[in-house]
Amino acid sequence: GAGVSQSPSNKVTEKGKDVELRCDPISGHTALYWYRQSLGQGLEFLIYFQGNSAPDKSGLPSDRFSAERTGGSVSTLTIQRTQQEDSAVYLCASSLAGRDTQYFGPGTRLTVL
Amino acid sequence: DQQVKQNSPSLSVQEGRISILNCDYTNSMFDYFLWYKKYPAEGPTFLISISSIKDKNEDGRFTVFLNKSAKHLSLHIVPSQPGDSAVYFCAATVQGGSEKLVFGKGTKLTVNP
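Same order as they appear, the protein sequences are chains A and B. Quick note: the first sequence uses this note's numbering, first residue -8, plus one each step. Quick note: the second sequence uses this note's numbering, first residue 2, plus one each step.
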């Protein structure tokens, strides 16, 4: 079946602008994660959604970052007033339930000029 | 403070030989460990995992070893194939929590024909 999809694949924006990144998880997966990978770094956890539970936002680096998951499926990560240090690849993953293998999308490469 | 460390940024081996990728962790609460493989412009793909109750897990050419006392794990690939050339990420998690993965920075493996 279809894997995790993310859009756009690339996004170039100017400092101070807002951006929205989209993730479509694998159908039926109840858990959804956002990570980011900055240049030369490992993947850094941002936020986790599991079913109807309150999301774990402990990885969000600042209040400029927010995410929502509508209808238990599609998720949008929003970065307000982007800064150059926000430049990274943003990866979404989903799993059948919280303890199962996480399957990653191809990522969105964000460049803030 | 990096909780998962992959101290070798790169590794080069000859086709047919063994590849050994190493990973160290500092958080004694971690009880589940995973290896992901990543090709350029793609998301990471799950390779193999191991629970802290085991010290070895094998899947075909891939074996993961866990030494809890040393807080060290390793991934062995034998025999190595050119298609194994990729970046390998070690990840750890605490099961029963949010299941967020804590990643190392990755090791780039090159298998030469």
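Even glycine gets a Cβ: it sits at the ideal position worked out from N, Cα and C.
Per-residue DSSP class, three states only, for residue i
{"i": "T99(A)", "result": "strand"}
{"i": "D91(A)", "result": "coil"}
{"i": "D56(B)", "result": "coil"}
{"i": "D25(B)", "result": "strand"}
Beta carbon proximity, residue i to chain A, threshold 7 Å
{"i": "E100(B)", "result": "yes"}
{"i": "F47(B)", "result": "yes"}
{"i": "G17(B)", "result": "no"}
{"i": "G84(B)", "result": "no"}
{"i": "F104(B)", "result": "yes"}
{"i": "E59(B)", "result": "no"}
Spatially closest choice to residue i from the options, by CA coordinates
{"i": "L67(B)", "options": "A93(B), G97(B), D85(B), G107(B)", "result": "A93(B)"}
{"i": "S50(B)", "options": "S9(B), S75(B), P83(B), K6(B)", "result": "S75(B)"}
{"i": "E43(B)", "options": "T21(A), G(-6)(A), D54(A), K6(A)", "result": "G(-6)(A)"}
{"i": "P10(B)", "options": "Q(-3)(A), I17(A), R13(A), G31(A)", "result": "G31(A)"}
{"i": "I17(A)", "options": "V80(A), I70(A), S64(A)", "result": "S64(A)"}
{"i": "Y94(A)", "options": "Y24(A), L34(A), V3(A)", "result": "Y24(A)"}
{"i": "W36(B)", "options": "K72(B), Y26(B), S29(B), L48(B)", "result": "L48(B)"}
{"i": "G98(A)", "options": "G50(A), V80(A), A88(A)", "result": "V80(A)"}
{"i": "T69(A)", "options": "L51(A), A84(A), S86(A), S0(A)", "result": "L51(A)"}
{"i": "T27(B)", "options": "Q7(B), I19(B), P45(B), I21(B)", "result": "Q7(B)"}
{"i": "S81(B)", "options": "R62(B), Y40(B), H73(B), Q96(B)", "result": "R62(B)"}
Residue-chain proximity (residue i, chain B), Cβ-Cβ < 7 Å
{"i": "P97(A)", "result": "yes"}
{"i": "G33(A)", "result": "yes"}
{"i": "F56(A)", "result": "no"}
{"i": "F36(A)", "result": "yes"}
Contact list for residue i against chain B, beta-carbon separation under 8 Å
{"i": "A22(A)", "result": "E100"}
Under 9 Å by beta carbon: chain B residues contacting residue i
{"i": "T92(A)", "result": "L35, F47, S50"}
Three or more C-beta pairs under 8 Å: does that hold for the region 3 to 17 of chain B against the region 7 to 16 of chain A? no
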